[in-house]
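In what follows, a structure is listed as structure tokens, so that the remarks can point back to it.
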Amino acid sequence: REFLSDRRVIDVPRFLWYSVLYGFILPFRPRSITPLYKAVWIKSDSGVDINGKTEGSPLTLYSESLAAKVQASVEKTSGGAVVARHAMRYGANNIPSTLKALHDEFATLRELVVLPLFPQYTSTTSASIYDEVFKFYTDTKRRSIPSLRTIRDYAEHPVYVEALGSSLLSSIKAHVTAKAGAAKDWKSALADQLPEIGIIITYHSIPVRYV
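204 is the number that the numbering used here gives to position 145 of the sequence shown; each next residue is one higher, with no gaps.
Given below as structure tokens:
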């Protein structure tokens, strides 16, 4: 409901959209998509361990793991002067609750960098995140406001592109090595298996007006 009520996501007139949302989508869609979420939910008996956790939403667990790795990295480079936290746009661990916890923990917070995990900018994702951050700090009861920096996009940044390539290459190496056995060089194994390997990369388009 929160996601589909976001004006950044659905930009049609409210009276038209709410009749569709409350009359057709919310009464029926949760029932149909619940089994899909259950299918990807990580269960305690699955043998998966993500940053010490063995059960939960993949999105939540991997986001927490990413934040922990970023935190470990910035601690080394900043000497503890920089901290990293993750927040969800909707649902639990959302932006307001995360920012509140951050200020409660660090009363002297002076600078905040907002990095959406969306490489390309679109108003339906990054702008919606910025809205929540700005809304948090427009509360007149909040006295301490840090300087804010928002990262708009980074899809073409060389470091990001290299990271994607490294991740893909690592997965391919693991796949061909597991199939061929550790005794064989992975490049030779890849050459042997290449006719059988297919890589699917998906792209989600958006209306031009959202960019």
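Heads up, the beta-carbon is just placed ideally off N, CA and C, and yes, glycines get one too.
Cα-Cα separation between ARG202 and ARG169, rounded to whole angstroms = 12 Å
Would ARG148 be called buried (16 or more neighbouring beta carbons within 10 Å of its own) or exposed?
-> buried
Does DSSP classify ARG88 as helix, strand or coil?
-> helix
Kindly list the residues whose CB is nearer than 7 Å to the CB of LEU161, restricted to its own chain and excluding five residues on each side of it in sequence; keep chain order.
-> ARG144 and LEU168
To the nearest angstrom, how far is it from the Cα of SER230 to the Cα of ILE260?
-> 14 Å
Tell me where the alpha helix (DSSP H) around THR209 begins and ends.
-> Per DSSP, THR209 belongs to no alpha helix (DSSP H); it is in the beta strand (DSSP E), 206-209.
How is the alpha helix (DSSP H) around LEU158 delimited, first residue to last?
-> 154-164
DSSP puts LYS112 in a beta bridge; with which residues?
-> ILE109
For the candidate residues HIS234, THR181, THR183 and THR209, whose alpha-carbon lies nearest to that of PHE193?
-> THR209
Tell me whether SER173 sits in a helix, a strand or coil according to DSSP, three-state version.
-> Ser is not the amino acid found at residue 173; the sequence shown has Val there. Strand, per DSSP.
Collapsed DSSP secondary structure at ILE188 in the structure displayed | helix
Are the beta-carbon atoms of PRO178 and ILE188 separated by less than 8 Å?
-> no
Look at the Cβ atom of ILE204, then the Cβ atom of TYR196, and state whether they are nearer than 8 Å.
-> yes
Closest Cα partner of LEU118 within the set PRO89, ARG268 and ASN152 | ASN152
ARG73 versus LEU223: straight-line alpha-carbon distance, rounded | 39 Å
Pick helix, strand or coil for ILE101, following the three-state DSSP scheme.
-> strand
Kindly list the residues whose CB is nearer than 7 Å to the CB of PHE62, restricted to its own chain and excluding five residues on each side of it in sequence; keep chain order.
-> VAL68 and TYR149
What's the call for ILE265, buried or exposed, on a 16-neighbour Cβ count within 10 Å?
-> exposed
Among PHE83, LEU171, SER64 and TYR180, which one has its Cα closest to the Cα of VAL141?
-> LEU171
Do VAL141 and the ligand SAM come close, with the Cβ less than 7 Å from some heavy atom?
-> Looking for the ligand SAM in the displayed structure turns up nothing, as the structure carries no ligands at all.
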